[in-house]
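Everything below concerns the one structure shown next.
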Amino acid sequence: MLAKGEVVTLDGNLGAGKTLFTQGLARALGITEPVTSPTFAILNIYTTGDVPLYHFDVYRISSYDELVEIGYEEYNQGDGIIVIEWAKNIPELEYEERLVKIDIERLDGVSENTRRITIKTYEGKELTCLY
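Residue numbering for the sequence shown follows our numbering, starting at 203 and increasing by one per position.
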């Protein structure tokens, strides 16, 4: 399970299921409020669970400095879990100390709802599964 202070990056094509994945994660953290895509808000904050969840969507963000301007460092103080959709847009996120990278890939020629999910942790562990 994830712990306070970890940063989860979610990458995948449009419609791959990044927000759906975040909804499942939020449910596992005990969050009871509706979890929606922060595409236009850029950040949604959920506090009804065991730990706060800070859900960023950086699709429209073009630099780390811009992310900092909207408060990223303020939320990256170790009191909650950060989820960042479209993280590949901000290469500097690769250097986060407690980074968990998740790639979600839609598979051609398979059921429309099938995904390959690859998880890489800062501890060097990697898991790939079909869902």
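Note that the Cβ used here is the ideal one computed from N, Cα and C, for glycine as well.
All values derive from a computational prediction rather than experimental measurement.
For Leu245, the closest C-alpha among the options Glu268, Gly226, Leu231, Thr234 is that of Glu268. For the options Tyr277, Asn315, Glu314, Leu332, the alpha carbon positioned closest to that of Ile321 is the one of Leu332. Just so you know, the alpha carbons of Val209 and Leu231 end up roughly 15 Å apart. Burial is judged here by how many other beta carbons sit within 10 angstroms of a residue's own beta carbon; Val312 has fewer than 16 and is exposed.
A residue is called buried once 16 or more other Cβ atoms fall within 10 Å of its Cβ, and Arg262, having fewer, is exposed. Closest option to Glu276, judged by alpha-carbon separation, among Asn291, Trp288, Phe258, Ser264: Phe258.
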